[in-house]
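Engineer:
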Amino acid sequence: MDLFDMKMPDQLIVWGNPLINGAWISIILVTLGIVFVLTKYKKWRWLWDEWLTTVDHKKIGIMYIVSALLMLFRGGVDALLMRIQLALPNLEFLDAQHYNEIFTTHGTVMIIFMAMPFLIGLMNVAVPLQIGARDVAFPTLNAISFWLFFAGALLFNLSFVIGGSPDAGWTNYVPLAGEELTPGIGINYYLWGLQISGIGTLATGINFLVTILKMRAPGMTLMRMPMFTWSTLITSVIIVFAFPVLTVALALLTFDRLLGAHFFTIDGGGMPMMWANLFWIWGHPEVYIVILPAFGIFSEVISTFARKRLFGYSAMVVSIVAISALSFLVWVHHFFTMGNGPWINSVFSITTMAIAIPTGVKVFNWLFTMYKGRIEFTTPMLWSLAFIPNFIIGGVTGVMLASAPADYQYHNSYFLISHFHYVLIGGTVFGCLAGLYYWWPKMFGFKINERISKWAFWVFVIGFNMTFIPMYLVGLKGMPRRIYTYREGLGWTGLNFIETVGTFVMGAGFVLLVWAIIYSIRHAKRDYESDPWNGRTLEWAIASPPPHYNFARVPRITGQDPLWRAKKKGETIFEEKTPLKPIHMPNHTGIPAVMAGFWFVAGFGFVFEWIPVGLAGILGVLLCMMWRSLTDYHDHHEVPVTELRDAAAEEIKNAGGRSARGVVNDG
Amino acid sequence: MSQQKQASAKHHVAGYAFSLVLTFVALFVALYTSLPASVKLIGIVVLAILQMVVQLIYFMHVTEGSKIYQLLSLGYGIFVAIVVVAGSIWIMLYNTMTQ
Ligand code: HEM
Ligand SMILES: [Cu+2]
Chain A
11 MDLFDMKMPD QLIVWGNPLI NGAWISIILV TLGIVFVLTK YKKWRWLWDE
61 WLTTVDHKKI GIMYIVSALL MLFRGGVDAL LMRIQLALPN LEFLDAQHYN
111 EIFTTHGTVM IIFMAMPFLI GLMNVAVPLQ IGARDVAFPT LNAISFWLFF
161 AGALLFNLSF VIGGSPDAGW TNYVPLAGEE LTPGIGINYY LWGLQISGIG
211 TLATGINFLV TILKMRAPGM TLMRMPMFTW STLITSVIIV FAFPVLTVAL
261 ALLTFDRLLG AHFFTIDGGG MPMMWANLFW IWGHPEVYIV ILPAFGIFSE
311 VISTFARKRL FGYSAMVVSI VAISALSFLV WVHHFFTMGN GPWINSVFSI
361 TTMAIAIPTG VKVFNWLFTM YKGRIEFTTP MLWSLAFIPN FIIGGVTGVM
411 LASAPADYQY HNSYFLISHF HYVLIGGTVF GCLAGLYYWW PKMFGFKINE
461 RISKWAFWVF VIGFNMTFIP MYLVGLKGMP RRIYTYREGL GWTGLNFIET
511 VGTFVMGAGF VLLVWAIIYS IRHAKRDYES DPWNGRTLEW AIASPPPHYN
561 FARVPRITGQ DPLWRAKKKG ETIFEEKTPL KPIHMPNHTG IPAVMAGFWF
611 VAGFGFVFEW IPVGLAGILG VLLCMMWRSL TDYHDHHEVP VTELRDAAAE
661 EIKNAGGRSA RGVVNDG
Chain B
112 MSQQKQASAK HHVAGYAFSL VLTFVALFVA LYTSLPASVK LIGIVVLAIL
162 QMVVQLIYFM HVTEGSKIYQ LLSLGYGIFV AIVVVAGSIW IMLYNTMTQ
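If you read the protein sequences in the order shown, they are chains A and B.
Letter 34 of the first sequence, counting from 1, is numbered 44 in our numbering, and no numbers are missing.
Letter 8 of the second sequence, counting from 1, is numbered 119 in our numbering, and no numbers are missing.
1) Mapping the DSSP letters down to three states, classify M225(A) as helix, strand or coil.
2) Does any heavy atom of ligand 2 sit closer than 6 Å to the C-beta of H431(A)?
3) Between which two residues does the beta strand (DSSP E) harbouring P596(A) extend?
4) Quick one: grab the DSSP three-state call for P572(A).
5) Starting from H421(A), trace the alpha helix (DSSP H) in both directions and tell me its first and last residue.
6) Could you spell out the range, first to last residue, of the beta strand (DSSP E) harbouring H647(A)?
7) Are the CB atoms of I436(A) and F401(A) nearer to each other than 7 Å?
8) Is any non-hydrogen atom of ligand 1 found closer than 6 Å to the C-beta of H344(A), if you look at the structure I gave you?
9) Report buried or exposed for K372(A), applying the criterion of at least 16 other Cβ atoms within 10 angstroms of its Cβ.
10) State the DSSP-derived secondary structure class of I141(A), mapped to helix, strand or coil.
11) What does DSSP give as the partner residues of N350(A) in its beta bridges?
12) Tell me whether H294(A) counts as near ligand 2, meaning its Cβ is closer than 6 Å to at least one heavy atom of that ligand.
13) Under 7 Å between C-beta atoms, does M208(B) make it to chain A?
14) How big is the Cα-Cα spacing for Y494(A) and P451(A)?
15) With 16 other CB atoms within 10 Å as the buried threshold, where does G203(A) fall?
16) When we look at the beta-carbon of P589(A) and count the other beta-carbons within 10 Å, is it buried (16 or more) or exposed?
17) Taking only the alpha-carbon atoms, compute the straight-line gap between A125(B) and M348(A) and give it to the nearest angstrom.
18) Starting from P490(A), follow its DSSP beta bridges and name the residues at the other end.
19) When Cβ atoms are compared, which residues of the segment 120-143 of chain A fall closer than 8 Å to chain B?
20) Whose Cβ in chain A lies nearer than 8 Å to the Cβ of Y180(B)?
21) Taking 6 Å as the limit between beta carbons, can you name the residues of its chain near G272(A), skipping five residues before and five after?
22) Going by the beta-carbon positions, is the gap between H294(A) and V258(A) smaller than 7 Å?
23) Pick helix, strand or coil for F172(A), following the three-state DSSP scheme.
24) Could you tell me the distance, in whole angstroms, from the CA atom of F338(A) to the CA atom of L48(A)?
25) Would the C-beta of L82(A) count as close to ligand 4, meaning under 6 Å from any of its heavy atoms?
26) Return yes when the C-beta of V184(A) is under 6 Å from any heavy atom of ligand 1, and no when it is not.
27) Could you give the residue range of the alpha helix (DSSP H) that holds M73(A)?
28) Could you give the distance in angstroms between the alpha-carbon of V195(B) and the alpha-carbon of I160(B)?
29) Could you check how far apart the C-beta atoms of N287(A) and A325(A) are, in whole angstroms? I think they sit under 8 Å.
30) P572(A): buried (16+ other C-beta within 10 angstroms of its C-beta) or exposed?
31) Give, in chain order, every residue of the segment 285-312 of chain A whose Cβ lies closer than 7 Å to some Cβ of chain B.
32) Taking only beta-carbon atoms, is I354(A) less than 7 Å away from chain B?
33) When the Cα atoms are used, what is the spatial distance from K151(B) to T134(B)?
34) Can you tell which of Y538(A), H533(A), C442(A) and H646(A) has its C-alpha closest to the C-alpha of V135(A)?
35) For F338(A), decide whether its Cβ has a neighbour in chain D, counting only Cβ atoms nearer than 7 Å.
36) Count the other CB atoms, across all protein chains shown, that sit within 10 Å of the CB of V146(A); report buried if there are 16 or more and exposed otherwise.
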């Protein structure tokens with residue numbers, strides 16, 4: 011490899027296909043539009059000061075969620091394109107290559123750039139508030155995490171207009187993904203997009219682990235923490251132990267492709283199957299990374315709107331802790347059919363089935379939480395209620411797949427596709443939406459319109475089942491995944507057509523959801539109510555939106571559901587008499603965004619195998635780190651007491667002994 | 112620079128030097144010696160374990176802070192490491208397609 015050989019890919023600017031031309035035109039128009047609006051209304055300064063340089067966990071959370079919604083849209087468009095192509099036999103809407111690229115980007119975008127950032131965004135918004143902290147443990151690192159995700163996502167999403175997309179599936183199996191069978195740069199986009207954002211995710215895991223262990227308010231013992239905080243803690247543990255495996259696997263494949271190493275090639279003594287092995291050692295914990303926080307959200311929402319304490323709190327905790335260990339013991343179930351010896355498949359079958367047990371325990375706990383509760387059917391509660399049956403369908407089919415001999419039939423068929431969409435949409439996506447609705451008033455001071463949202467809910471859930479129930483059936487009829495077309499007379503046509511219609515219904519649900527948000531931004535009454543849902547946990551004890559330091563006085567906690575107790579028993583969690591003290595808060599900093607910019611340059615250079623560009627980016631990253639380490643001792647400011655008075659008064663009003671509305675038979 | 116900052120800088124530089132040395136020794140053993148493969152392998156594994164110890168002591172503060180958290184995280188780390196390494200060897204060794 012020649013260091014200065016800056017070779018050009020076949021087609022640097024992808025042009026010619028009408029879909030891609032359309033994408034180009036809309037990208038350019040939207041960019042111009044954004045630049046125009048920012049300039050016209052003189053918002054550049056505001057953008058930089060309030061958002062790009064912020065280290066406030068709430069704002070970082072909002073940026074995560076907005077990005078995730080954009081990625082949901084992008085992944086959703088991919089899904090629509092695939093479903094159009096498969097609606098009927100022998101269509102020629104997409105060719106084989108284009109179809110391969112689209113299912114690859116769909117899967118990668120949805121898991122890495124939609125589900126995880128959405129949940130991490132909600133964690134950012136809620137977790138520090140739930141434990142009575144003023145920020146996360148490492149605020150600047152938190153901003154770095156976000157900007158690394160952003161840089162990775164941007165890089166990955168550029169692929170389809172500049173240079174061409176990856177096309178070996180989100181699992182990126184070698185030998186297909188190796189240099190020999192897939193030359194060119196598509197796979198490099200996958201490797202670098204995931205690598206850059208993955209480092210950010212790892213940092214998030216460390217950050218939330220430390221935040222939850224070290225920054226809880228006095229009295230907030232582990233066994234008094236809200237369930238969403240618990241699930242975030244366990245998710246962080248899984249992230250810290252699983253993501254390094256991904257980092258290493260991606261690095262090894264990068265060595266193979268970029269530097270001619272042989273970790274995963276047969277010649278030179280490598281092992282192709284080792285990629286699948288490493289991928290799933292990370293990959294299975296990853297699916298728990300995206301479901302556990304959703305479990306946490308459902309626990310909060312269900313207990314709030316059933317007006318009851320969460321049933322079986324300690325059983326819930328034991329279950330998620332058990333899941334954290336079990337999730338590292340099941341990965342082989344993703345490649346039962348790769349020729350493992352019988353002992354191996356048997357052991358991993360059993361561990362896989364075992365993981366359904368703690369999951370089942372949790373389902374019963376949610377049901378018992380609702381039992382005899384006074385249920386209020388708000389939109390977040392609707393998403394949580396719909397989660398239970400849909401997730402069970404996904405879970406039960408998961409246990410079917412867990413049986414290795416049966417999996418020889420199901421594997422890589424549409425049956426499998428439907429399994430993981432039932433858990434990922436019925437679990438993760440429903441959870442993200444429940445959380446979005448639930449914490450929206452905390453973020454912005456008003457609720458999302460309930461009437462339009464309920465329409466969106468029903469349309470989406472009906473469309474979802476219409477898409478994926480037929481997928482189970484067509485899978486049982488033998489339709490394999492990842493085929494771009496099929497012939498007539500196989501008995502698949504009708505089911506496929508229903509699926510496509512269902513996908514459009516789901517798309518309509520998404521449009522309604524976006525409409526509900528836009529409508530509410532324009533019309534909803536800003537009531538800035540602190541506690542709009544009659545909540546139970548600390549985030550509802552402070553103003554909406556909260557001041558940047560969150561708590562003027564650090565609360566003192568005496569039990570689970572501290573706000574609920576305060577409201578019911580007339581206790582106080584904010585000591586009115588303790589004098590206010592000035593608060594140390596971290597300063598804004600541009601380093602995270604600039605550093606991610608250099609990562610982007612590095613990623614772009616290495617994708618095209620333009621080594622000098624890549625190294626220049628890395629050099630920039632190192633300079634940012636040095637700059638940061640020389641300045642990090644004086645990057646704090648003080649919030650003076652005079653600024654805290656109003657917020658303190660608000661806290662006392664909310665949680666200083668006012669009795670709650672509608673308290674029912676609560677334990 | 113304060114006394115404490117200087118001490119921690121020294122500590123970090125020492126750790127960095129150790130980890131570099133261990134890395135280059137591993138590289139040297141693998142590329143430039145003519146030992147039998149099994150000896151090389153054992154050598155690299157030993158160096159890797161030393162590397163882990165260096166990281167834990169110099170960068171991951173394993174000697175400071177709450178004992179119980181240290182034990183829990185070390186325990187969990189060892190659990191994951193054993194599962195990943197032993198599991199992978201088991202899976203790759205007993206594959207019916209290669210026999
Ligand atoms: C009750 C618990 C679960 C069991 C027993 C289970 C079991 C399985 C099995 C055996 C497979 C492999 C099937 C095959 O490839 O032939 C699989 C695939 C998959 N599962 Fe699950 N699963 C469970 C829950 C979940 C959850 C909660 C998620 C994510 C939120 C999830 C996401 C996935 C994904 C993404 C795949 C396929 C990935 C791919 O091949 O592209 N599963 N599951
Ligand atoms: Cu799995």
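The beta carbon of each residue, even a glycine, is placed where N, CA and C say it ideally should be.
Structural biologist: Answer, in terms of the structure:
1) As a working mapping, residue 225(A) is identified with position 215 in the first sequence. Three-state result, M225(A): coil.
2) Position 421 of the first sequence, counted from the start, is the residue given in the question as residue 431(A). The answer is no for H431(A).
3) The residue you call residue 596(A) lines up with position 586 of the first sequence. Where P596(A) is concerned, the enclosing beta strand (DSSP E) stretches over I593 to P596.
4) Counting from one through the first sequence, the residue named residue 572(A) turns up at place 562. Looking at P572(A) - three-state DSSP - the assignment turns out to be helix.
5) Indexing the first sequence from 1 puts residue 421(A) at position 411. First-last for H421(A): undefined, no H or E at that position.
6) Start at 1 with the first residue of the first sequence, and residue 647(A) comes out as number 637. H646 to V649 is the span of the beta strand (DSSP E), which, as asked, contains H647(A).
7) Here residue 436(A) refers to the residue found at position 426 of the first sequence. Here residue 401(A) refers to the residue found at position 391 of the first sequence. As written in the sequence, residue 436(A) is Gly, which differs from the Ile given in the question. Closer than 7 Å, so yes.
8) As a position in the first sequence, residue 344(A) is number 334, starting the count at 1. Yes.
9) The residue given as residue 372(A) occupies position 362 in the first sequence. Flag for K372(A) reads buried.
10) Walking along the first sequence from the start, residue 141(A) turns up at place 131. DSSP places I141(A) in coil when its eight states are reduced to three.
11) The sequence position of residue 350(A) within the first sequence is 340, counting from 1. Paired residue(s): N206(B).
12) Start at 1 with the first residue of the first sequence, and residue 294(A) comes out as number 284. The answer is yes for H294(A).
13) Taking the second sequence and counting its residues from 1, the one referred to as residue 208(B) is at position 97. So, interface residue.
14) Counting from 1 along the first sequence, the entry for residue 494(A) is found at position 484. Counting from 1 along the first sequence, the entry for residue 451(A) is found at position 441. Cα to Cα, Y494(A) sits roughly 43 Å from P451(A).
15) By one-based count along the first sequence, residue 203(A) stands at place 193. By the neighbour-count rule (16 or more Cβ atoms within 10 Å), G203(A) is buried.
16) As a working mapping, residue 589(A) is identified with position 579 in the first sequence. P589(A) should be labelled exposed.
17) Position 14 of the second sequence, counted from the first residue, corresponds to residue 125(B). Position 338 of the first sequence, counted from the first residue, corresponds to residue 348(A). Each residue's CA atom was taken as its position, placing A125(B) and M348(A) some 46 Å apart.
18) The residue given as residue 490(A) occupies position 480 in the first sequence. Answer is S423(A), bridged to P490(A).
19) none
20) Start at 1 with the first residue of the second sequence, and residue 180(B) comes out as number 69. Result: L223.
21) What you label residue 272(A) is simply residue 262 of the first sequence in a count that begins at 1. Before going on, a small fix: residue 272(A) reads as His here, not Gly. G278 and G280.
22) As a working note, residue 294(A) is residue 284 in the first sequence. As a working note, residue 258(A) is residue 248 in the first sequence. No, the Cβ-Cβ distance between H294(A) and V258(A) is not below 7 Å.
23) As a working note, residue 172(A) is residue 162 in the first sequence. Correcting the residue type first, residue 172(A) is Ile in the shown sequence and not Phe. Looking at I172(A) - three-state DSSP - the assignment turns out to be strand.
24) Residue mapping note: residue 338(A) aligns to position 328 of the first sequence, counting from 1. Residue mapping note: residue 48(A) aligns to position 38 of the first sequence, counting from 1. Spanning the two alpha carbons is a distance of roughly 47 Å.
25) The model depicted lacks ligand 4 and carries ligand 1 and ligand 2 instead.
26) Position 174 of the first sequence, counted from the start, is the residue given in the question as residue 184(A). No - ligand 1 has no heavy atom lying nearer than 6 Å to the Cβ of V184(A).
27) Translated into positions along the first sequence, residue 73(A) becomes position 63. That run of the alpha helix (DSSP H) goes H67 to L96.
28) The sequence position of residue 195(B) within the second sequence is 84, counting from 1. The sequence position of residue 160(B) within the second sequence is 49, counting from 1. Approximately 15 Å between the Cα atoms of the pair.
29) Taking the first sequence and counting its residues from 1, one reaches residue 287(A) at position 277. Taking the first sequence and counting its residues from 1, one reaches residue 325(A) at position 315. Wrong, their Cβ atoms sit about 33 Å apart, outside the cutoff.
30) Within the first sequence, residue 572(A) is the residue found at index 562, counting from 1. Label assigned to P572(A): buried.
31) N287 and I291
32) Within the first sequence, the letter at position 344 stands for residue 354(A). With 7 Å as the cut-off, I354(A) counts as an interface residue toward chain B.
33) For the purposes of this step, residue 151(B) is identified with residue 40 of the second sequence, where counting begins at 1. For the purposes of this step, residue 134(B) is identified with residue 23 of the second sequence, where counting begins at 1. The straight-line gap from Cα to Cα measures roughly 14 Å.
34) The residue given as residue 135(A) occupies position 125 in the first sequence. Comparing Cα positions, the closest option is C442(A).
35) The structure shown contains no chain D; its protein chains are A and B.
36) In the first sequence, counting from the first residue as 1, residue 146(A) sits at position 136. Under this definition V146(A) is a buried residue.
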